[in-house]
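Under this note's numbering, the sequence shown is numbered contiguously, ending at residue 1536. Every residue, glycine too, gets a C-beta built ideally from N, C-alpha and C.
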Amino acid sequence: SIASGPEQWATRARVQRTHRVFDAVDGDPDAAKAALRALDTLTDETAPTEGVRAVLREMRGDPVRCGVVIDEVLDVDLEHGDVEAARALVERLVAVAVRPVEKACAHWFAALVEERAGSALAADAHLHLASLENPEWGPLVDRAGWYASDRGDAAAAVRWWRQLEAPDHHELATVARYAQRSGPKVGRNDPCWCGSGRKFKSCHQGRSDQPALPDRVEWLWAKAAGYLLRRGGEAGDDLYELTMARALDPDDTDSAADAMSDPIEFDTALVEYGWFERFVQDRGPLLPDDEALLAASWALIDRTVYEIDDTGPDGLVVRDLRTGDRLTVATPGGSRLPVGSRVCARAVPDGRGHQFVGAQFPVAPGREQQVLDLCDEADAEGLCDYVAALHAPPRITTREHEDIVECTATMTVPDPADARRVLDTLYEPDDNGWVELHEIEPGERIVRATLRLAGSQISVTTNAAERMDRVRTTLTAHLPGLVVVEATRTPLPPGAMPPGLPMASPQPIPVEARDEIVAMLEARWLDDSVPALGGITPRQAAADPPRRDDVLRLLATFPTPDPTSPFMTMDPRRLRTALGL
């Protein structure tokens, strides 16, 4: 039979639920069984009333079980499930709850259902009722602070969040700055603090004493980030995905934790994944009216790359490299962006002018089009990958652009005399054995591998896996019976210098020799492909008027040579002269 009966569908749904619950509790069988029993009781309309009350009390004291049950009832994302069924369930819970802890948990549960269904005001009402019953419950305290913050009541939000053992310190610090407004009292006939241009008596007198709208830009963005963190469901999945893209090592918990401190994954989830529009839709009824209107205008602003054209008392004068438009961006906390630098950001309206909001990151000369393409394609993961690369340690490679990997191999041969003849034929002798030399440029050869023969054993050392593979393939072809008895490959740790490639010479180098080496490096750089110039050579960029400024900006980052330093560096003045700049 192709069709399945209701019993088969119910069995399949239960098996899927069991798997999800086990995953949610990291495979703990006792926790999974407890959560499944709670779900069975809550979703069974015929369950005894006392049994339902017992589950509410247990959930109140068991955050893990509470979270698992809520996620299941919310059906990962309620818009894909049955809203009315979820509402009917929580109505039963509210109706049977008697004790304060039971009522608090039932109303808390109802608040989350209404919240996920997009009814923030109904959720707020349930949270208020829950707080009257059990105002010290941690999850409830955090939620109550969040709703107070979104409503614009910073003082109440701070009071709630300071009760938590481990509040979000960044969020708390942001909102605490708005808890008490500073400055002289506004007179009835003075301009209103909100920036409307009307007199105070005709605008905000008798209403909540809020800071001016431009001064609340940071708070509004923090509200959007808080929505993303607390909403759950698909929003949580998207945030996790982008955090892994931003992390330098997704498998390392410390690296993932560091990534969470970068605003790029929050900003790209909100902008590129569209969660900011959902924030405006879901939380708009709670926001102060002026903030709701301002947030709606932000949803129309795309991410782009700006060049800093000038600085002044009103902020930064920036040019959008996509459109060529110029605008002034206020910098309330001051700006350290130098003229000529380029930054990827969003300049949004603030009720008076414009401000940067959310993530900002520098764009190197030559990378502007790459970043603009990521912005145009709304490539959230690509933007996070790009920012991750900015924080990665420098990648050190061989002259042939191979990753540095210290490789050793020990091989045995049946006939040492035959092995010596082969090594003499294939490689060049040095003091202790043989080396593989490769001409990388006319007149310049590099060592790819060193080989030693001791009795019937050949030992090989290289600093790249590709080089070791070539040597092993070559020797195996020319020495029948060769056997590899030991082999090691050790990647270079991030940021480390490879053995044999010191940062500075251990012995002083004569001035003449230093000058000759630096001149060789400079001559090579002029005709090398440079990633910061989009992959073209400095000579090509200097000959192209639109790219000439990119070369100058790049050279401006080069340090001035210090003749007393053991480090050999190229001279940007000589390079400019060589390029006709």
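Check, Outcome
"Here's the rule: buried if 16 or more other CB atoms are within 10 angstroms of the residue's CB, otherwise exposed. What is Ser1104?", "buried"
"Compare the beta carbon distance of His1306 and Asp1222 with 8 Å and say whether it is the shorter of the two.", "Sequence check: residue 1306 is Gly here, not His. No; because the gap between Cβ atoms is not below 8 Å, this pair is not in contact."
"The alpha helix (DSSP H) with Met1199 in it runs from where to where?", "1189-1201"
"Under the assumption that Ala1179 contacts Leu1225 (Cβ atoms under 8 Å), give the Cβ distance between them as a whole number of angstroms.", "6 Å"
"Tell me whether Arg1186 is buried or exposed, calling it buried when 16 or more other Cβ atoms sit within 10 Å of its Cβ.", "buried"
"Could you check what DSSP says for Ile1395 in three-state terms: helix, strand or coil?", "strand"
"Is Ile1263 helix, strand or coil by DSSP?", "strand"
"Can you tell me whether Asp1398 is buried or exposed? The criterion is at least 16 other CB atoms within 10 Å of its CB, across all chains shown.", "Going by the sequence as given, residue 1398 is Gly instead of Asp. It counts as exposed."
"Would you give the residue range spanned by the alpha helix (DSSP H) that Ser1210 belongs to?", "1208-1215"
"Throw me the rounded Cβ distance for the Cys1339 and Ala1212 pair, which I believe falls under 8 Å.", "Rounded, the Cβ-Cβ distance is 15 Å, inconsistent with contact."
"Output the distance between the C-alpha atoms of Thr1357 and Trp1101, rounded to the nearest integer angstrom.", "As written in the sequence, residue 1357 is Glu, which differs from the Thr given in the question. Between Glu1357 and Trp1101, the C-alpha separation is close to 50 Å."
"Note down, in chain order, each residue of its chain lying with its Cβ closer than 8 Å to the Cβ of Met1215, except the 5 sequence neighbours on either side.", "Thr1198"
"Are the beta-carbon atoms belonging to His1309 and Val1318 less than 8 Å from one another?", "no"
"For Glu1069 and Leu1488, what's the separation of their Cα atoms in angstroms?", "52 Å"
"What does DSSP give as the partner residues of Gln1412 in its beta bridges?", "Thr1367, Ala1409"
"Going by C-alpha to C-alpha distance, which of Gly1490, His1062, Asp1334 sits closest to Ile1219?", "Asp1334"
"Check whether the Cβ atoms of Val1440 and Thr1365 sit closer than 8 Å, and answer yes or no.", "yes"
"On the DSSP letters alone, give me the boundaries of the alpha helix (DSSP H) that Gly1436 sits inside.", "Neither: Gly1436 is in no alpha helix (DSSP H) and is coded neither H nor E."
"Which residues does DSSP pair with Arg1400 in a beta bridge?", "Glu1394"
"Give the range of the beta strand (DSSP E) segment to which His1284 is assigned.", "His is not the amino acid found at residue 1284; the sequence shown has Val there. Note, Val1284: beta strand (DSSP E), 1281-1284."
"Using a Cβ-Cβ cut-off of 8 Å (strictly less than) and excluding sequence neighbours within five positions of Arg1008, which residues of its own chain qualify?", "Val1051, Ala1052, Val1053, Arg1054, Glu1057"
"Secondary structure at Leu1292, three-state DSSP: helix, strand or coil?", "coil"
"What are the partner residues of Pro1446, as DSSP defines its beta bridges?", "Val1360"
"In whole angstroms, give me the CA-to-CA distance for Asp1170 and Pro1287.", "8 Å"
"What are the start and end residues of each continuous alpha helix (DSSP H) run of 4 or more residues lying completely inside the region 1048-1096, in chain order?", "1055-1071, 1075-1088"
"On the three-state DSSP scale, how would you describe Val1485?", "coil"
"Is Ile1413 buried or exposed, if buried means 16 or more other CB atoms sit within 10 Å of its CB?", "buried"
"Three-state secondary structure (DSSP) at Gln1310?", "strand"
"Mind checking whether Leu997 and Val976 have CB atoms under 8 Å apart?", "no"
"Can you check the region 976-1021 for any alpha helix (DSSP H) of at least 4 residues that lies completely inside it and give the ranges in chain order?", "984-998, 1004-1016"
"Hey, is the region 1013-1028 in contact with the region 977-996, meaning 3+ C-beta pairs nearer than 8 Å?", "yes"
"So, helix, strand or coil for Thr1352, using DSSP?", "strand"
"Have a look at Ala911 and Ala1061 and give me their C-alpha separation to the nearest angstrom.", "Absent from the structure is residue 911, since the part of the chain shown begins at 956 and ends at 1536."
"Applying the criterion that 16 or more other CB atoms from any shown protein chain within 10 Å of the CB defines a buried residue, is Ile1359 buried or exposed?", "buried"
"I need the DSSP call for Thr1129, collapsed to helix, strand or coil.", "helix"
"Glu1471 by DSSP, collapsed to three states: which one?", "helix"
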